[in-house]
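Single-structure report; data block below.
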Amino acid sequence: MFFSSFQAFIGISHSVPRLLLPPVNLCFPYYSVQSPARSFHTTIFEMEPAGKKGKVDQFEIVAPDDWHHHLRDGDVLKETVFHASKSFKRIIVMPNLKPPVTTTEEAASYCERILAVVPEDKKESFQPLMTLYMTDRTSAEEIRKAKESGLVYAVKLYPAGATTNSDSGVTDIQNVYPALEAMADVGMPLLVHGEVTDQNVDVFDREPAYIERVLKGVVEKFPALKVVMEHITTAEAAEWVQAQGPNVGATITAHHLLYNRNAIFKGGICPHMFCLPILKRERHRQALLQAATSGNPKFFLGTDSAPHAVQNKISPCGCAGIFTGHAPMSLYAEAFDSVSAMDKLEGFSSFHGPDFYGLPRNSVKITLVRNPWTVPNVYSFGKDEVVPLKAGMDLEWTVS
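Heads up, the sequence shown is in UniProt numbering, so the first residue is 1 and it goes up one at a time.
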């Protein structure tokens, strides 16, 4: 354990994730443990997004779905599924495990492991929507098999080496043309991590480069293919998606709506703010916020909640990913509220995603209430712990 502070369970049993509450005046502690000579640990989440607060104190919306979520596997699955099922009715489950989920049989097995740990009170209402991990060897036959299974809802394309567990990804887009053609034929969406891996391209410019070098060609060659550009981070991506036909959409994360790249470097290197695609300039954050709150059905919720054990974040080669699964709707509400656009949150969170995927909208509703609460410093993560976004800080909105 890294923490010696007061632990408490809030209305949950020992069989679900424990919460470590932040004691009064405690600086964010992992940095002082790892680097006691340094004093920047108090600044990790101090940079609050600026914006005008809305007037609404309570807001009811149709229950949301998450169209991009990393549940991981193994002994952490119980915790991640607990958080996901608490917040969403359906989630698109990312397939970048070790080894990756590349076949329909592997997706079915992973789905069984997920369903086995869904909390009892969510078993009838929570649905994982499975995906396959596209490789250079993904065949048209596998695509048709996945579609016929009724279990697989999309195929994820990771450029090889672009992000966590992407080493088995696609090395050349032409290698998967037969699979893409089959996907267009059967109506299977393609989910794209849209970044080039060319080391001559700056890490902050890799998304626009991917659009120019790859995505434009894919959309032109396969106009019937549904394409989701995942976790977009730039004004260029938002503009490109908006300019395409109805078969192209995009997910947007809460952290890319709330933070710009200054958050990574405020007071030193902040590993808990490192994700891929990386946070961008303020002008890009503003463009994403405008897209998300525009009411345009091309843009919908995708948390890209990507937890890592704390020791894998705070290391010489820290893993990319931000854990937002603990409070996704509180985070999105903060972003929408900052520009007085709470009336646009329901479409973004609950309508645009299922409409794009051709699925029914949820029928039950949730209520967002302006009722500040303090985010724990850590949550349990199997035998380890994970640090959530806004650890030790207050969030203004809660879900009732």
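Ideal Cβ positions, reconstructed from N, Cα and C, are used throughout, including at glycine.
Item                                                                                                                                                                           : Value
When the Cα of Leu-359 is compared with those of Ala-154, Gly-318 and Pro-159, which residue comes out closest?                                                                : Ala-154
Whose CA, out of Val-218, Ala-160, Tyr-177 and Gln-174, lies closest to the CA of Val-196?                                                                                     : Ala-160
In whole angstroms, what is the alpha-carbon distance linking Val-214 and Val-56?                                                                                              : 42 Å
Starting from the Cα of Gln-127, find the closest Cα among Leu-157, Lys-156 and Val-93 and give me that residue.                                                               : Val-93
Once you ignore the five residues that flank Arg-361 on each side, which residues in its own chain have a CB closer than 8 Å to its CB?                                        : Val-62, Ser-350, Phe-351, Pro-354 and Asp-355
Within its chain, find whatever has a CB closer than 6 Å to the CB of Ala-224; leave out the 5 residues flanking it on each side and keep chain order.                         : Ala-184
Return helix, strand or coil for Met-229, following the three-state DSSP convention.                                                                                           : strand
Look up Arg-137 in the DSSP assignment and say whether it is helix, strand or coil.                                                                                            : coil
Closer than 8 Å is the cut-off here; do at least three beta carbon pairs connect the segment 136-145 with the segment 117-125?                                                 : no
What residue from Glu-396, Gly-187, Pro-95 and Leu-288 has the CA that sits closest to Ser-330's CA?                                                                           : Glu-396
Measure the Cβ-Cβ separation of Ser-139 and Ala-179 and say whether it is below 8 Å.                                                                                           : yes
Could you give the residue range of the alpha helix (DSSP H) that holds Lys-216?                                                                                               : 216-221
Could you give the distance in angstroms between the alpha-carbon of Ala-209 and the alpha-carbon of Asp-65?                                                                   : 30 Å
Which runs of the alpha helix (DSSP H), 4 residues or longer, sit entirely within the segment 318-383?                                                                         : 328-337 and 352-357
Which whole-angstrom value is the C-beta distance of Gly-245 and Trp-67, which I expect to be below 8 Å?                                                                       : So it is not a contact: roughly 19 Å between Cβ atoms.
Leaving aside the five residues before and after Leu-77 along the sequence, list all residues of the same chain whose C-beta is less than 7 Å from its C-beta, in chain order. : Leu-71, Arg-113, Ile-114 and Val-117
Below 7 Å CB to CB, which residues in the same chain sit around Met-130 once its five sequence neighbours on both sides are set aside?                                         : Val-93, Ala-107, Tyr-110, Cys-111, Leu-151, Val-152 and Tyr-153
Once DSSP output is grouped into helix, strand and coil, what is the label at Ser-109?                                                                                         : helix
Considering only DSSP beta bridges, list what Ala-154 is partnered with.                                                                                                       : Thr-131
Check each candidate in Val-219, Leu-257 and Val-176 and name the one with the smallest Cα separation from Phe-299.                                                            : Leu-257
From Ser-380 to Thr-374, what does the alpha carbon distance come to, in whole angstroms?                                                                                      : 17 Å
Please name the residue, chosen from Leu-132, Phe-274 and Ala-235, that lies closest to Arg-283 on a Cα-to-Cα basis.                                                           : Ala-235
In the structure shown, what three-state DSSP assignment does Phe-88 receive?                                                                                                  : coil
I'd like the span of the alpha helix (DSSP H) that includes Ile-264, first residue to last.                                                                                    : 262-265
Measure the C-alpha to C-alpha separation of Ile-314 and Phe-274 and round it to an integer number of angstroms.                                                               : 11 Å
Helix, strand or coil for Ser-305, going by three-state DSSP, please let me know.                                                                                              : strand
Using the DSSP secondary-structure output, state which residues sit across from Ile-252 in a beta bridge.                                                                      : Leu-301
In terms of alpha-carbon separation, which member of Asp-198, Gly-194, Gln-199 and Phe-204 lies closest to Ile-211?                                                            : Gly-194
Measure the alpha-carbon distance for Met-200 versus Leu-368 and round it to whole angstroms.                                                                                  : One detail in the question is off: residue 200 reads as Asn in this sequence, not Met. Their Cα atoms are separated by approximately 45 Å.
Rounded to whole angstroms, how far is the Cβ of Leu-157 from the Cβ of Met-134, which I believe are closer than 8 Å?                                                          : 5 Å
Pick from Gly-217, Leu-288 and Ala-320: whose alpha carbon is nearest that of Cys-270?                                                                                         : Ala-320
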